[in-house]
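Student:
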Amino acid sequence: MPESLLFVNIGWMKRYDGQSDDDPTIGNHGWLKNHKWGHEAWNFKPYRGHVYGYVPGRPSDFDLTKLGAAKSDDSVSGVTVIFIAREPRSKQTRIVGWYRNATVYKRVGNATIARAPNVEVEYCIVANHADATLLPALQRPMQIPTAKVAGNLGQSPRWYGGTDAFRDKVRQYVNSGGALDSIKHSPPIRSPRNSNPEIRKMIEVAAIRHATKFYESVEGGSWQIQSVEQDGVGWDLTATRSNEILKIEVKGLSGNVVCVELTPNEFKKMLSPEHRSDYVIYVVTEAGTSKAKSHVFYYNALVRKGKQHLWIAEDGRQLRIKELTGARLTV
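Heads up: the sequence shown is residues 6 to 336, going by this note's numbering.
1. Once DSSP output is grouped into helix, strand and coil, what is the label at Glu125?
2. Among the residues of its own chain, which have a CB less than 7 Å from the CB of Arg281, if the five just before and after it don't count?
3. Assess contact between the region 149–168 and the region 10–22, defined as three or more Cβ pairs (one per stretch) separated by less than 8 Å. Is contact present?
4. Just checking my contact of Gly32 with Ala121 at CB under 8 Å: how many whole Å lie between their CB atoms?
5. Count the other CB atoms, across all protein chains shown, that sit within 10 Å of the CB of Asp68; report buried if there are 16 or more and exposed otherwise.
6. Can you name, in chain order, every residue of its own chain whose Cβ lies under 7 Å from the Cβ of Gln235, other than the five neighbours on each side?
7. Suppose you measure from the CA of Gly237 to the CA of His44; what does that come to, to the nearest Å?
8. Gly58: buried (16+ other C-beta within 10 angstroms of its C-beta) or exposed?
9. Counting Cβ pairs closer than 8 Å, one from the region 145–156 and one from the region 23–41, do we hit at least three?
10. Residues in its own chain within less than 7 Å of Glu119 by CB, not counting five upstream and five downstream?
11. Select from Tyr104, Val223 and Ile213 the residue whose C-alpha is nearest the C-alpha of Leu258.
12. Helix, strand or coil for Tyr110 per DSSP?
13. For a test of the three-state rule: what should DSSP assign to Tyr284, helix, strand or coil?
14. For my contact list, Ile326 and Phe302 are in at a C-beta cut-off of 8 Å; report their separation, rounded to the angstrom.
15. In whole angstroms, give me the CA-to-CA distance for Glu279 and Gly239.
16. Are at least three pairs of beta-carbons, each pair with one atom in the region 103–118 and one in the region 133–143, less than 8 Å apart?
17. Rounded to whole angstroms, what's the CA-CA distance from Gln231 to Val86? Just pull it up for me.
18. For a quick check, are the C-beta atoms of Thr108 and Ser80 less than 8 Å apart?
19. For the beta strand (DSSP E) holding Leu242, just list the boundary residues, first then last.
20. Specify the secondary structure class of Leu329 as computed by DSSP and reduced to three states.
21. What's the gap between the Cα of Arg246 and the Cα of Ile253?
22. Going by DSSP, which residues form a beta bridge with Thr98?
23. Taking 8 Å as the threshold (beta carbon to beta carbon), is Lys296 in contact with chain C?
24. Nearest-angstrom Cα distance between Glu221 and Ala297?
25. Spell out the partners DSSP gives Gln231 in its beta bridges.
26. Please name the residue, chosen from Gly293, Ile250 and Leu242, that lies closest to Glu271 on a Cα-to-Cα basis.
27. Ordered along the chain, which non-local residues of its own chain (more than five positions away) have a Cβ less than 6 Å from that of Arg117?
28. With distances taken between CB atoms, is the gap from Val344 to Val265 smaller than 8 Å?
29. Taking Phe272 as part of the alpha helix (DSSP H), name the residues at either end of that continuous run.
30. Which residues mark the beginning and the end of the alpha helix (DSSP H) in which Thr217 is found?
31. Can you tell me the Cα-Cα spacing of His34 and Ser277, whole angstroms?
32. Express the C-alpha separation of Phe49 and Asn5 in angstroms, rounding to a whole number.
33. Can you tell me where the alpha helix (DSSP H) holding Ala137 begins and where it ends?
34. Would you tell me roughly how many angstroms separate the C-alpha atoms of Pro202 and Pro269, rounded to the nearest one?
35. Which partner residues of Ser299 appear in the DSSP bridge assignment?
Structure, rendered in structure tokens:
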């Protein structure tokens, strides 16, 4: 029998590891209208080897029978708790992380933890820290159905997943570590590079400007950007913020199919253990036009497959990497 699923709708954060000025809780439930952080701010912060899940809204008893318990039970174990939140930029509700093998109590207040001065949080969900997975903020592709249709997510912060088909899809997603199937494209039959060097340079400049503008914006994270295009380091832009760093390789295309080539140095740095976790592939299709669109791929160690390293976009697409070799012959 598949494990029971409980969905909990919380505010959006990057880390959920406490109150931090650079990580406010963003959401629509009442508390957040007047407060910078919600009590879900600690949902993925370990406490004595466990994580505790806060459920927004007025305290009320859980219907544990929907999770496989008897009416007389005060708790149920072995539940996979899926935390969902509305992504501020796209306004889409997405899966941000989960607890596996969690225990859900009927009543809020099974555990009360002092989280900050004058802040005590009551909980009804607990799991081992080792069974908790929080997806990086830019790698949360799976959307939750919110259309006003019977069975979809409604106003309650608690939801049980609607249909069997959707719950099965979520189980597969959790089992994969948070990777959606990549979108398959027909393989390109020629190089994506424009053969005209002047046009190619214009496209490259437009793509660099596009990436710089995005990462310097509030939407992109308010990073400090430094161009290292001429330094031969293996990427184009270095983005820094506090103690964080991104190494951004920018590729511009005149068409709308994502297919780019890396130099040997770029590819080496992309795969290097020293750089890969910070290495970003930022592709701009139809660069320099009003239809310019970015496709941004971040390294995802959570879904690494053996020796295969994966770069995944926000919408779940995975970069397929094909190594190329060649030779130049002269007389």
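Positions of the beta carbon are idealized from the N, C-alpha and C atoms, including for glycine. Fair warning: this is a prediction, and the values are worked out from it, not measured in the lab.
Tutor: Well, looking at it:
1. strand
2. Met275, Tyr304 and His314
3. yes
4. Their Cβ separation, rounded to whole angstroms, is 19 Å, which puts Gly32 and Ala121 out of contact at 8 Å.
5. exposed
6. none
7. 46 Å
8. buried
9. no
10. A small fix is needed here, since residue 119 is Ala in this sequence, not Glu. So the list reads Glu125, once near-sequence residues are dropped.
11. Ile213
12. strand
13. strand
14. 11 Å between Cβ atoms; not a contact.
15. 12 Å
16. yes
17. 41 Å
18. yes
19. Leu242 to Arg246
20. coil
21. 14 Å
22. Arg91
23. Protein chains in the displayed structure number just one, and chain C is not present.
24. 18 Å
25. Thr243
26. Leu242
27. Strictly speaking, residue 117 in this sequence is Thr, with Arg absent from that position. Hits under 6 Å: Glu125 and Glu127.
28. Missing from the structure shown is residue 344; the chain here goes from 6 to 336 and no further.
29. Pro269 to Leu276
30. Pro202 to Glu221
31. 43 Å
32. Outside the displayed span of the chain (6 to 336) sits residue 5, for which this structure offers no information.
33. Looking at the DSSP string, Ala137 is not in any alpha helix (DSSP H); the run it does join, the beta strand (DSSP E), is Ala137 to Leu139.
34. 20 Å
35. Val289
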